[in-house]
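Residue numbering for the sequence shown follows full-length UniProt numbering, beginning at 1 and increasing consecutively. Beta carbons are placed, not taken as given, at the ideal position from N, Cα and C, and that holds for glycine.
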Amino acid sequence: MNPLKSDEYPAIFNDYIETVTGDVMEELTQQVNSFPEFIASIPEEMGTYTYAEDKWTIKEVLCHILDCERIMAYRALRFGRNDMTALSPFEQDEFVHFGRHNDRKLADIAEEFTHLRKANLFLFRAFDENELTRKGMASDRLISVRALLYVIAGHLNHHVIILKARYLKNQNLGNDVV
């Protein structure tokens, strides 16, 4: 896959994209195992922990990652298939609020991620260079299919970093992820 160019994505995604330091497909593939292992390292009783008032719980952060992957993969599918319909933004706080994520088991979230990512990898690997460079409008921003793959990988990395620093800083968990 050709390297990502700065004109393929809006600057709002810089923080995510910068966490992807190697080949994006390798990183997406590696996360299939490393992210569920990271989730498995978190004790179930910590799943509803939050480090401050009005912050999401660990389970809400994890399910937010799943929701975003679904949305970004859908955008990649639409743009990759040359559907140039502008796609609406989504309100992440509403998705979390109505998601009932704290009722879920961490093991189920990890398993769901594994299936979701494996399915998405089939789609991502099927894109050719022409499809990867196609761009579309999502949330009033122009972005390429290739950039969406970086956003998916980087968004996960970004939240693992936050989970480690703010939620799990006194734990010795999942140190081999990101």
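Cα-Cα, which of the options is closest to residue i?
| i | options | result |
| --- | --- | --- |
| VAL96 | HIS115, LYS118, ARG125 and ASP54 | ASP54 |
| ASP7 | HIS155, LEU148 and ASN157 | LEU148 |
| GLU18 | HIS158, PHE127 and ALA52 | HIS158 |
| ASP103 | VAL24, MET46, LYS5 and ILE143 | MET46 |
| ARG141 | MET84, ASN170 and ASN130 | MET84 |
| GLU44 | ALA107, ALA165 and LYS169 | ALA107 |
Taking only the alpha-carbon atoms, compute the straight-line gap between residue i and residue j and give it to the nearest angstrom.
| i | j | result |
| --- | --- | --- |
| GLU94 | GLU69 | 16 Å |
| LEU62 | GLN31 | 14 Å |
| ARG146 | THR133 | 6 Å |
| GLU91 | SER139 | 10 Å |
| LYS135 | GLU27 | 22 Å |
| LEU4 | TYR51 | 35 Å |
By Cβ distance, which residues of its chain are closer than 6 Å to residue i, with the 5 residues on each side in sequence left out?
| i | result |
| --- | --- |
| TYR9 | ILE143 and ALA147 |
| ALA76 | VAL145 and LEU148 |
| MET137 | ALA86 |
Check the Cβ-Cβ distances between residue i and every residue of chain C, and say whether any is below 8 Å.
| i | result |
| --- | --- |
| PRO89 | Looking for chain C here will not work: only one protein chain is present. |
Between residue i and residue j, how many whole angstroms is the CB-CB distance? I'm expecting something under 8 Å.
| i | j | result |
| --- | --- | --- |
| ILE12 | ILE109 | With a Cβ gap of about 26 Å, ILE12 and ILE109 do not count as contacting. |
| ILE58 | LEU163 | 7 Å |
Would the segment 117 to 136 count as touching the segment 31 to 40 if we require 3 or more Cβ pairs under 8 Å?
Contact between the segment 117 to 136 and the segment 31 to 40 is present, because at least three Cβ pairs lie under 8 Å.
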